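> Just so we're aligned, residue 8 is where the sequence shown starts under this note's numbering, counting upward by one.
Submitted below is the structure of interest, expressed as structure tokens.
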Amino acid sequence: MRSIALYIAATVFFVALDSLAKVMVMGSLPPALVVWGRYAGSLALVVLVMLFAGVSQTVATSSLALQLTRGILLVGATGCMFQAVKVLPVALSYAISYVSPFIVLLAASHFLKEQITRKQIMGALMGFAGVLVIMRPGASDWQWAMLLPLGAATFYALYQVLTRMVGRRDSPLTSLFYVTLGGTLITTLALPWSYTPMPASTWALMGVLGALGTVGHFLLIWAYTGAAASVLSPFVYVQMVWAGIIDVFVFNTSFDPVAIIGACIVIGGGLLIIESVQKRSQTAPHKT
Numbered sequence: 008m009r010s011i012a013l014y015i016a017a018t019v020f021f022v023a024l025d026s027l028a029k030v031m032v033m034g035s036l037p038p039a040l041v042v043w044g045r046y047a048g049s050l051a052l053v054v055l056v057m058l059f060a061g062v063s064q065t066v067a068t069s070s071l072a073l074q075l076t077r078g079i080l081l082v083g084a085t086g087c088m089f090q091a092v093k094v095l096p097v098a099l100s101y102a103i104s105y106v107s108p109f110i111v112l113l114a115a116s117h118f119l120k121e122q123i124t125r126k127q128i129m130g131a132l133m134g135f136a137g138v139l140v141i142m143r144p145g146a147s148d149w150q151w152a153m154l155l156p157l158g159a160a161t162f163y164a165l166y167q168v169l170t171r172m173v174g175r176r177d178s179p180l181t182s183l184f185y186v187t188l189g190g191t192l193i194t195t196l197a198l199p200w201s202y203t204p205m206p207a208s209t210w211a212l213m214g215v216l217g218a219l220g221t222v223g224h225f226l227l228i229w230a231y232t233g234a235a236a237s238v239l240s241p242f243v244y245v246q247m248v249w250a251g252i253i254d255v256f257v258f259n260t261s262f263d264p265v266a267i268i269g270a271c272i273v274i275g276g277g278l279l280i281i282e283s284v285q286k287r288s289q290t291a292p293h294k295t
């Protein structure tokens, strides 16, 4: 129960992160600059934690290339999501991006040689159908911006696969350090084209972005120390609740009934996949 509470708390921080980013990019700030602030702020906080945890132990890794690639992929996911929430409701962006578990399923099957069950295939097809219901290609309210959460889902799915690979050798804090380092390095390259002078209040908001992301990831790490991923995964959909509340009360966005139906189909497909994974882990032989 403690791990579930920590996981749900992490979703609050992540929704707050994306909502604050929406406020910032709806103004005059380029999304690339906001993404840089998110990672630079996180890197500063992670380095402070490293000073207490031991720098040499945290920096040591046998998967440097994979770790930095994770940072690049997560920057792609963050950039697509920040650009998406600039023009789309936060909850709608989340609903479309929930196709990520289905992309993870395909990528894990190809790269990690994980076996896919019939129930997982059914869940993936449900998720794809749900996304089509939400996006409604060809409809009058269709927007090209709806492709951005799909881009975010693809980048994040590949990031998750690489995270599984490096997680076998590196600690969570090491992975967090390198993903924020890689993200900061990549986004710094874009600063000459995206930087604009900012008042002290905007710099403070950049720090808040970094803090929200860092605390959210630490809560996730803490949650996973006390519960299996298959137990915690269904609670990721709690994000839709927080995002819906913020859309209505902060951004004055009305609910789209068709999008809600599509989101329910996507969530149903995700839960079907999670159930299949849980059953497999329960029936797998235990090694002693």
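Virtual Cβ for every residue (Gly too), placed ideally from N, Cα, C.
This one's a predicted model, so the numbers in the text were calculated from it and none came from an experiment.
Roughly how many angstroms separate the alpha carbons of Asp177 and Thr260, rounded to a whole number?
Near 42 Å, if we compare the C-alpha coordinates of Thr260 and Asp177.
> Compute the distance between the beta-carbons of Ser49 and Thr187, then report whether it is under 9 Å.
Yes, the Cβ-Cβ distance between Ser49 and Thr187 is below 9 Å.
> List in chain order: all unbroken alpha helix (DSSP H) runs of 4+ residues lying wholly within the region 107-190.
Within the region 107-190, the complete alpha helix (DSSP H) runs of at least 4 residues are 107-118, 125-142 and 154-174.
> Using the rule of at least 16 other Cβ atoms within 10 Å of the residue's Cβ for burial, across every protein chain shown, is Thr295 buried or exposed?
Summary for Thr295: the model assigns pLDDT 38, below 50, so the residue's position carries little reliability; its value from the coordinates is reported in the next sentence. That one is exposed.
> When the Cα atoms are used, what is the spatial distance from Thr124 to Met8?
Answer to the nearest angstrom: the Cα atoms are 29 Å apart.
> Would you mind reading off the limits of the alpha helix (DSSP H) that contains Leu27?
Counting along the chain, the alpha helix (DSSP H) containing Leu27 begins and ends at Arg9 to Met33.
> Pick from His224, Thr203 and Phe258: whose alpha carbon is nearest that of Val94?
Checking every option, the nearest Cα to that of Val94 belongs to Phe258.
> Near Ile228, which residues of its chain fall below 8 Å by C-beta distance, leaving aside the five closest residues on each side in sequence?
Cβ neighbours of Ile228 beyond the five flanking positions: Pro179, Leu180 and Leu183.
> Name the two residues that bound the continuous alpha helix (DSSP H) containing Leu296.
This structure cannot settle anything about residue 296, because the visible part of the chain is limited to 8 through 295.
> Which one of Thr209, Gly217 and Val255 has the shortest CA to CA distance from Ala47?
Looking at the Cα atoms, Gly217 is the closest of the given residues.
> Taking the straight line between their C-alpha atoms, what separation do you get for Gly189 and Gly78?
Spanning the two alpha carbons is a distance of roughly 4 Å.
> Are there 16 or more other CB atoms within 10 angstroms of the CB of Ser283, so buried, or fewer, so exposed?
It counts as buried.
> Quick one: using the 10 Å Cβ neighbour count with 16 as the cut-off for buried, is Pro264 buried or exposed?
Exposed: under 16 other Cβ atoms inside 10 Å.
> For Val97 and Val22, which I take to be in contact (beta-carbon distance under 8 Å), what is that distance rounded to the nearest angstrom?
The pair is a contact, with the Cβ atoms about 7 Å apart (cut-off 8 Å).
> If we ignore side chains and look at the alpha-carbon of each, how far apart do Pro108 and Gln246 end up?
One C-alpha to the other measures close to 15 Å.
> Are Ala84 and Ala160 touching if we call contact CB-CB under 9 Å?
Yes, these two residues count as a Cβ contact at 9 Å.
> Hey, would you say Val30 sits closer than 9 Å to Gly86, going by beta carbons?
Contact flag unset, no.
> Exposed or buried, what is Ser35 when buried is set at 16 or more other beta-carbons lying within 10 Å of its beta-carbon?
Answer is exposed; the Cβ neighbour count stays below 16.
> Whose C-beta lies closer than 8 Å to the C-beta of Thr203 among residues of the same chain, with five residues either side of it excluded?
Counting only Cβ-Cβ distances below 8 Å, and skipping sequence neighbours, we find Ser35, Leu36, Pro37 and Leu40.
> According to DSSP, is Lys294 helix, strand or coil?
Only weak support is given to the placement of Lys294: the predicted model assigns it a pLDDT of 44, under 50, and the value that follows is read from those uncertain coordinates. Of the three classes helix, strand and coil, the one that applies to Lys294 here is coil, per DSSP.
> Is it true that the CB of Gly223 sits closer than 9 Å to the CB of Phe20?
Result yes, Cβ atoms of Phe20 and Gly223 sit closer than 9 Å.
> Over what stretch of residues does the alpha helix (DSSP H) that includes Leu99 continue unbroken?
Per DSSP, Leu99 belongs to the alpha helix (DSSP H) from Val97 to Ser104.
> If we call anything under 9 Å between Cβ atoms a contact, is Ala28 one with Val92?
Yes. Within cutoff.
> What's the gap between the Cα of Ile267 and the Cα of Leu226?
Going by the C-alpha atoms only, they are around 28 Å apart.
> If Leu80 sits next to Tyr166, beta carbons under 8 Å apart, how far is it from one beta carbon to the other, in whole angstroms?
Between Tyr166 and Leu80 the Cβ distance is about 4 Å, and since that is below 8 Å, they are a contact.
> Give me the Cα-Cα distance between Arg32 and Val66, rounded to the nearest whole angstrom.
As written in the sequence, residue 32 is Val, which differs from the Arg given in the question. Those two C-alpha atoms are separated by around 33 Å.
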